[in-house]
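Chemist: From first to last, the protein sequence lines stand for chains Z and A. For the first sequence, this note's numbering gives the first residue as 1, with consecutive numbering after it. For the second sequence, this note's numbering gives the first residue as 142, with consecutive numbering after it.
2 protein chains.
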Amino acid sequence: MNSEFVIAVHSLVLLAHRPEGMATSEEIAENVCTNPVRVRKVMGCLRKHGFIGTREGSGGGYRLSRDPDEVTLADVYRSLAAGSLAPSWCSGDPEKDCVVSSNMAEVMNAVFCGADRQLEAYFEGITIGRMLSQVKAKQQA
Amino acid sequence: MNSEFVIAVHSLVLLAHRPEGMATSEEIAENVCTNPVRVRKVMGCLRKHGFIGTREGSGGGYRLSRDPDEVTLADVYRSLAAGSLAPSWCSGDPEKDCVVSSNMAEVMNAVFCGADRQLEAYFEGITIGRMLSQVKAKQQA
DNA sequence: GGATACTGTAATAATATCAGTTACAGTTGA
DNA sequence: TCAACTGTAACTGATATTATTACAGTATCC
């Protein structure tokens with residue numbers, strides 16, 4: 001899995017955890033353990049898809065613009081990791097004479113599309129809000 | 142997805158397509174569009190898991206040792222790509238004070254374990270034999 | 001027995017992908 | 001006007017992936 005997906009989910013959970021205010025890319029990066037530029041890139045994508053709002057300038061940062069219980073991992077997955085399951089590489093060669101070699105790419109592709117849908121369905125059942133609860137539950141223990 | 146998985150599946154379908162005899166690593170590599178060493182490495186793994194038999198020496202090669210309709214992609218996945226869904230990288234830091242940062246890795250890991258099981262269940266429904274049929278069906282069209 | 005055609009495997013080299021850093025223009029608030 | 005942000009692009013370095021080369025081991029055929 002695309003690690004931008006992980007950063008996105010972590011960031012959203014963090015924002016859900018402090019709904020009062022904003023977090024800057026530096027704060028988020030510190031929390032996630034990566035660098036601010038990477039965070040800003042991911043957040044830019046989340047903004048385009050309406051998950052968060054940004055405020056530029058001094059005192060700015062990012063803020064959740066949706067109810068954490070309404071945002072599913074499937075939403076996030078679709079926004080920045082859809083289709084990431086299929087390997088970039090395709091086996092076989094359509095030009096070849098062999099039945100297997102010439103048609104494998106297409107069949108394999110269908111398999112991975114199905115897998116992608118399956119994965120998406122699974123993510124559909126997990127919300128940012130639920131992940132926040134789980135994180136808090138771990139703390140108790 | 143691990144491209145060794147793709148090579149493995151393609152190779153098994155190819156062997157199923159010519160059940161009479163064997164295929165050498167060079168033939169398979171040509172068909173898959175990669176190099177023979179890579180194929181031998183993957184096949185070595187498939188052999189250890191009992192999917193194929195090998196014969197060394199002149200006239201040797203690889204041969205299916207199971208009914209193609211009994212071998213599922215889940216079997217193959219478990220053999221050489223299990224757990225590949227989770228990114229190598231983990232967000233957060235258990236040492237941090239923040240609830241989110243310190244517990245995210247664990248929660249995220251649980252999510253990906255679930256996703257992996259989901260994927261495996263999907264692959265359970267696809268056999269090598271079925272993929273061979275699909276490949277042949279494409280040819281008709 | 002010896003030549004030939006394979007597998008098995010390690011080591012290395014080439015290439016592609018991914019992540020971190022630096023730099024800077026644009027925006028906002030005090 | 002200054003300080004603190006975001007948004008991006010370009011560059012660098014690290015890491016992962018793939019291909020290549022090389023060679024020992026093994027079976028077959030003559």
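The beta carbon of each residue, even a glycine, is placed where N, CA and C say it ideally should be. No experiment lies behind these values; they were computed from the predicted model shown.
Following the continuous alpha helix (DSSP H) through Arg-179 of chain A, name the residue where it begins and the one where it ends.
Modeler: For the purposes of this step, residue 179 of chain A is taken as the residue at position 38 of the second sequence. From DSSP, the alpha helix (DSSP H) with Arg-179 of chain A extends over 177-189.
Chemist: Taking 8 Å as the CB-CB limit, is Leu-155 of chain A close to chain Z?
Modeler: One-based indexing of the second sequence puts residue 155 of chain A at position 14. So yes, Leu-155 of chain A belongs to the interface.
Chemist: Counting along the chain, where does the beta strand (DSSP E) carrying Gly-266 of chain A start and finish?
Modeler: Translated into positions along the second sequence, residue 266 of chain A becomes position 125. Note, Gly-266 of chain A: premise wrong, no beta strand (DSSP E); not H, not E.
Chemist: Identify which residue in Z:Trp-89, Z:Cys-98, Z:Val-76 has its Cα closest to the Cα of Lys-277 of chain A.
Modeler: What you label residue 277 of chain A is simply residue 136 of the second sequence in a count that begins at 1. Of the candidates Z:Trp-89, Z:Cys-98, Z:Val-76, the one whose C-alpha sits nearest the C-alpha of Lys-277 of chain A is Z:Cys-98.
Chemist: If we ignore side chains and look at the alpha-carbon of each, how far apart do Leu-226 of chain A and Asn-109 of chain Z end up?
Modeler: Taking the first residue of the second sequence as 1, we reach residue 226 of chain A at position 85. Taking the first residue of the first sequence as 1, we reach residue 109 of chain Z at position 109. Answer to the nearest angstrom: the Cα atoms are 17 Å apart.
Chemist: Is it true that the CB of Ile-126 of chain Z sits closer than 8 Å to the CB of Thr-72 of chain Z?
Modeler: Counted from its first residue, the first sequence places residue 72 of chain Z at position 72. Counted from its first residue, the first sequence places residue 126 of chain Z at position 126. A contact, by the Cβ cut-off of 8 Å.
Chemist: Leaving out five residues on either side along the sequence, give the residues of the same chain with a beta carbon under 6 Å from the beta carbon of Ser-166 of chain A.
Modeler: Stepping through the second sequence from its first residue, residue 166 of chain A is reached at position 25. Closer than 6 Å at the Cβ level, and outside the excluded window around Ser-166 of chain A, lie Pro-177, Val-180, Arg-181.
Chemist: With DSSP collapsed to three states, give me the class of Gly-201 of chain A.
Modeler: As a working note, residue 201 of chain A is residue 60 in the second sequence. Of the three classes helix, strand and coil, the one that applies to Gly-201 of chain A here is coil, per DSSP.
Chemist: Secondary structure at Ala-23 of chain Z, three-state DSSP: helix, strand or coil?
Modeler: On the first sequence, position 23 is the one that residue 23 of chain Z refers to. In this structure, Ala-23 of chain Z counts as strand in the three-state DSSP scheme.
Chemist: Can you name the residues that DSSP bridges to Val-52 of chain Z?
Modeler: Here residue 52 of chain Z is taken as the residue at index 52 of the first sequence, counted from 1. Residue identity differs from the one stated: residue 52 of chain Z is Ile in this sequence, not Val. Looking at the DSSP assignment, Ile-52 of chain Z forms a beta bridge with Z:Leu-64.
Chemist: Checking contacts by CB at 8 Å: is Leu-226 of chain A closer than that to chain Z?
Modeler: The sequence position of residue 226 of chain A within the second sequence is 85, counting from 1. So, interface residue.
Chemist: Alpha carbon to alpha carbon, how far is Met-22 of chain Z from Gly-61 of chain Z?
Modeler: Residue mapping note: residue 22 of chain Z aligns to position 22 of the first sequence, counting from 1. Residue mapping note: residue 61 of chain Z aligns to position 61 of the first sequence, counting from 1. Between Met-22 of chain Z and Gly-61 of chain Z, the alpha-carbon positions lie close to 6 Å from each other.
Chemist: Between A:Asp-234, A:Tyr-263, A:Ala-246, which has its C-alpha nearest Met-30 of chain Z's C-alpha?
Modeler: On the first sequence, position 30 is the one that residue 30 of chain Z refers to. In the sequence as displayed, the identity of residue 30 of chain Z is Glu instead of Met. For Glu-30 of chain Z, the nearest C-alpha among the options comes from A:Asp-234.
Chemist: Taking the alpha helix (DSSP H) that Asp-216 of chain A belongs to, which residues open and close that run?
Modeler: Residue 216 of chain A sits at position 75 when you count from the first residue of the second sequence. Looking at the DSSP string, the run of the alpha helix (DSSP H) that includes Asp-216 of chain A is 214-221.
Chemist: Answer yes or no: does any C-beta atom of chain A fall closer than 8 Å to that of Gln-118 of chain Z?
Modeler: Numbered from its first residue, the first sequence carries residue 118 of chain Z at position 118. Yes - at least one Cβ of chain A is within 8 Å of the one on Gln-118 of chain Z.
Chemist: With the cut-off set at 8 Å, would you say Ala-262 of chain A and Met-142 of chain A are in Cβ contact?
Modeler: Residue mapping note: residue 262 of chain A aligns to position 121 of the second sequence, counting from 1. Residue mapping note: residue 142 of chain A aligns to position 1 of the second sequence, counting from 1. Contact flag unset, no.
Chemist: Tell me where the alpha helix (DSSP H) around Ser-88 of chain Z begins and ends.
Modeler: Taking the first sequence and counting its residues from 1, the one referred to as residue 88 of chain Z is at position 88. No alpha helix (DSSP H) holds Ser-88 of chain Z; DSSP gives it neither H nor E.
Chemist: At a CB distance below 7 Å, what residues from the region 24-53 of chain Z approach chain A? Give them in sequence order.
Modeler: Asn-31, Val-32, Cys-33
Chemist: Closer than 9 Å, Cβ to any Cβ of chain Z: which residues of the region 236-249 of chain A, in chain order?
Modeler: Lys-237, Cys-239, Val-240, Val-241, Ser-242, Ser-243, Asn-244, Met-245, Glu-247, Val-248, Met-249
Chemist: By a C-beta neighbour count over all protein chains shown, 10 Å radius and 16 as the cutoff for buried, is Pro-19 of chain Z buried or exposed?
Modeler: Position 19 of the first sequence holds residue 19 of chain Z. It counts as exposed.
Chemist: Would you tell me roughly how many angstroms separate the C-alpha atoms of Ser-152 of chain A and Arg-117 of chain Z, rounded to the nearest one?
Modeler: Along the second sequence, read from residue 1 onward, the residue named residue 152 of chain A stands at position 11. Along the first sequence, read from residue 1 onward, the residue named residue 117 of chain Z stands at position 117. So the alpha carbons of these two residues sit roughly 25 Å apart.
Chemist: What residues of chain A sit near Ser-79 of chain Z, judged by a beta carbon separation below 7 Å?
Modeler: As a first step, residue 79 of chain Z is located in the first sequence; it is residue number 79 there, counting from the start. By Cβ distance, chain A contributes nothing, its closest Cβ being about 17 Å from Ser-79 of chain Z, past 7 Å.
Chemist: I want to verify the contact list: residues of chain Z whose CB lies under 7 Å from the CB of Met-163 of chain A, in sequence order.
Modeler: Counting from 1 along the second sequence, the entry for residue 163 of chain A is found at position 22. Result: empty, since nearest Cβ-Cβ is about 15 Å, beyond 7 Å.
Chemist: When you compare only the Cα positions, how much space is there between Gly-143 of chain Z and Met-43 of chain Z?
Modeler: Outside the modelled stretch of chain Z, which goes from 1 to 141, sits residue 143 of chain Z, for which no answer is possible.
Chemist: Less than 8 Å between the C-beta atoms of Ala-215 of chain A and Phe-264 of chain A, yes or no?
Modeler: The sequence position of residue 215 of chain A within the second sequence is 74, counting from 1. The sequence position of residue 264 of chain A within the second sequence is 123, counting from 1. Yes, the Cβ-Cβ distance between Ala-215 of chain A and Phe-264 of chain A is below 8 Å.
Chemist: What do you reckon, are the CB atoms on Gly-270 of chain A and Ala-157 of chain A nearer than 8 Å?
Modeler: For this step, residue 270 of chain A is matched to residue 129 along the second sequence. For this step, residue 157 of chain A is matched to residue 16 along the second sequence. A Cβ-Cβ contact shorter than 8 Å links Gly-270 of chain A with Ala-157 of chain A.
Chemist: In chain order, what residues of the same chain lie with their CB nearer than 7 Å to the CB of Pro-68 of chain Z, ignoring the 5 residues before and after it?
Modeler: Sequence index remark: in the first sequence, residue 68 of chain Z carries index 68 (1-based). Taken in chain order, the residues that qualify are Ala-16, Thr-127, Ile-128, Gly-129, Leu-132.
Chemist: Taking all protein chains shown into account, decide if Ser-88 of chain Z is buried (16 or more other Cβ within 10 angstroms of its Cβ) or exposed.
Modeler: Translated into the one-based positions of the first sequence, residue 88 of chain Z becomes position 88. With fewer than 16 other Cβ atoms from the protein chains shown falling within 10 Å of its own Cβ, Ser-88 of chain Z counts as exposed.
Chemist: Of the residues A:Cys-174, A:Gln-280, A:Lys-237, which one's Cα is nearest the Cα of Gln-139 of chain Z?
Modeler: Reading the first sequence from its first residue, position 139 is the one you call residue 139 of chain Z. The option with the nearest alpha carbon to Gln-139 of chain Z is A:Lys-237.
Chemist: Kindly indicate the opening and closing residues of the alpha helix (DSSP H) around Glu-4 of chain Z.
Modeler: For the purposes of this step, residue 4 of chain Z is identified with residue 4 of the first sequence, where counting begins at 1. Residues 3-17.
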